[in-house]
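All letters in the sequence shown, in the order written, are residues 0 to 122 by numbering that gives the first Met the number 0. Here a beta-carbon is modelled for each residue, glycine too, at the ideal position from N, C-alpha and C. Written below as structure tokens is the structure these notes are about.
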Amino acid sequence: MGVDSYIIFQVPIDVKVPAAFDHLRDSDGNYELCYWQSSYIIRNFILDLVEENYDEALRYYEIPKDKVNRIIKFLSSFNRRNWPISSFYEWSFAKKMLRHQIKRLKRLRHFRGEYRLIFIDSY
Numbered sequence: 000m001g002v003d004s005y006i007i008f009q010v011p012i013d014v015k016v017p018a019a020f021d022h023l024r025d026s027d028g029n030y031e032l033c034y035w036q037s038s039y040i041i042r043n044f045i046l047d048l049v050e051e052n053y054d055e056a057l058r059y060y061e062i063p064k065d066k067v068n069r070i071i072k073f074l075s076s077f078n079r080r081n082w083p084i085s086s087f088y089e090w091s092f093a094k095k096m097l098r099h100q101i102k103r104l105k106r107l108r109h110f111r112g113e114y115r116l117i118f119i120d121s122y
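Here it is as structure tokens:
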């Protein structure tokens, strides 16, 4: 059993979302930008950023928009030599996965509509 962590992009129903995010939409109308399984180093970094933004009733953390650049910088810092050997993902797969996640988060920086960014931690 592992720890699953997600970054979810939520928008009001009347807000138009760029087509580049369409394939990430789930049945609840949310967009899964990032997913990690048993990536404790990423989980811990994000929790340190957002720990004061925990919503106990909903059991998630809201990510302030001004923290997105720090998450991008952190995800961009990984390479073959410093990727955790204990990670669920091999570096060859993680490299591609991180590239897609960084691209989505960068695209989000240019989105001008109303939205919330949520971190869900299954631990």
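- Here A93 is buried. Its C-beta has 16 or more other C-beta atoms within 10 Å.
- Exclusion of the five residues before and after F44 leaves F73 as the residues of its chain whose Cβ lies within less than 6 Å of its Cβ.
- Exclusion of the five residues before and after D54 leaves E61 as the residues of its chain whose Cβ lies within less than 7 Å of its Cβ.
- Scanning its chain for C-beta atoms nearer than 6 Å, with the 5 sequence neighbours on each side dropped, one finds around Y30 the residues F8, F20, L23 and R24, in chain order.
- The three-state reading of DSSP puts W90 in helix, counting H, G and I together.
- By the neighbour-count definition (other C-beta atoms within 10 Å, threshold 16), L57 is an exposed residue.
- For V2, the closest C-alpha among the options N78, L48, I41 and R106 is that of I41.
- At a cut-off of 3 residues, the continuous stretches assigned as beta strand (DSSP E) that sit fully inside the region 1 to 60 are 3 to 9 and 30 to 36.
- When secondary structure is reduced to three states using DSSP, F110 falls in the coil class, being assigned neither helix nor strand.
- The alpha-carbon separation between I117 and Y59 amounts to approximately 7 Å.
- D65 and R115 have their C-alpha atoms roughly 12 Å apart.
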